[in-house]
Amino acid sequence: MIKGSDRVVAVLEKMGAERIYGVPGEEILDIMESLRKSKKIKFVPTRTEWGAALMAATEGRLTGRPGVSLATCGPGALNFPNGAEYAHLGGFPLVMIAGQKPINSSLHGHFQVSPLVSVMEGLTKYAVQIGSVQMIRPVFSEAFRIAQEEKQGPVSVVIPEDIAAEDGEEDAL
Numbered sequence: 047m048i049k050g051s052d053r054v055v056a057v058l059e060k061m062g063a064e065r066i067y068g069v070p071g072e073e074i075l076d077i078m079e080s081l082r083k084s085k086k087i088k089f090v091p092t093r094t095e096w097g098a099a100l101m102a103a104t105e106g107r108l109t110g111r112p113g114v115s116l117a118t119c120g121p122g123a124l125n126f127p128n129g130a131e132y133a134h135l136g137g138f139p140l141v142m143i144a145g146q147k148p149i150n151s152s153l154h155g156h157f158q159v160s161p162l163v164s165v166m167e168g169l170t171k172y173a174v175q176i177g178s179v180q181m182i183r184p185v186f187s188e189a190f191r192i193a194q195e196e197k198q199g200p201v202s203v204v205i206p207e208d209i210a211a212e213d214g215e216e217d218a219l
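The sequence shown begins at 47 in the numbering used here and counts up one residue at a time.
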């Protein structure tokens, strides 16, 4: 068994991510813990999520490989559109990962649940929410592929807190 957040980090490592820019938050704590254990990826804390997206987009511009940014749900993830538009207009590969409240059950109801996929659809080449732990690898593989294909640009992946915390079957990366 492999935890969803460990699977996210393993896929990001496989895709060649060396740095992730972002602001820690509650809904991404499992991902932060998995990043802490990574030997290949360095987490770079930023003051704001839009700054994280701009930094990651600039890394994509300079390297030709997608830069990666990370934000928590609600207001955190809603700071990504500025960086998404920067990457979109410049043709810079960028993968923006946003946490989300649990989708299978939540004690908080709809507190800080934002329609992140709908918000990002008009600003990105691809916007998706992961609905199960089995979809982590294929969704991130597709996100990196789309971010790098011509014209390069931003993609948005939303991962709910319960999916990141869930255990799933190991699969070959």
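Think of the CB as a built atom: it goes at the ideal place given N, C-alpha and C, for glycine as much as any other residue. This structure is a prediction, so every number in the text was calculated from the model and none was measured.
Whole-angstrom Cβ separation of residue i and residue j, contact assumed at under 8 Å?
i	j	result
Q175	E73	Going by Cβ atoms, the distance from Q175 to E73 rounds to 13 Å, so no, they are not a contact pair.
A210	G62	21 Å between Cβ atoms; not a contact.
Y67	S115	5 Å
A144	C119	7 Å
L124	I87	Contact flag wrong, Cβ pair sits at about 25 Å.
Exposed or buried, which one is residue i when buried takes at least 16 other CB atoms within 10 Å?
i	result
L81	buried
E196	exposed
D76	buried
M166	buried
E207	buried
D52	buried
P112	buried
E215	exposed
Give me the Cα-Cα distance between residue i and residue j, rounded to the nearest whole angstrom.
i	j	result
P161	P139	23 Å
S164	P184	21 Å
E95	N128	9 Å
L100	V204	18 Å
R93	I149	28 Å
Q198	I182	22 Å
S84	V55	7 Å
What residues in its chain sit with their C-beta under 6 Å from that of residue i, if we drop five residues either side in the sequence?
i	result
P200	A130, A133, H134, L140, T170
Q194	P139
S202	M142, M166, T170, A173
V90	R65, Y67
F190	M61, P112
Excluding five sequence neighbours on each side, which residues of the same chain lie with their C-beta closer than 7 Å to the C-beta of residue i?
i	result
G122	V69, G71, E95
S178	I209
D217	R183
Which whole runs of the alpha helix (DSSP H) in the region 107-147 are 4 residues long or more, in chain order?
-> 127-136
Length-filtered (4 minimum) alpha helix (DSSP H) runs lying within the region 65-110 | Secondary structure remark: continuous alpha helix (DSSP H) runs of at least 4 residues inside the region 65-110, in chain order: 75-83, 95-109.
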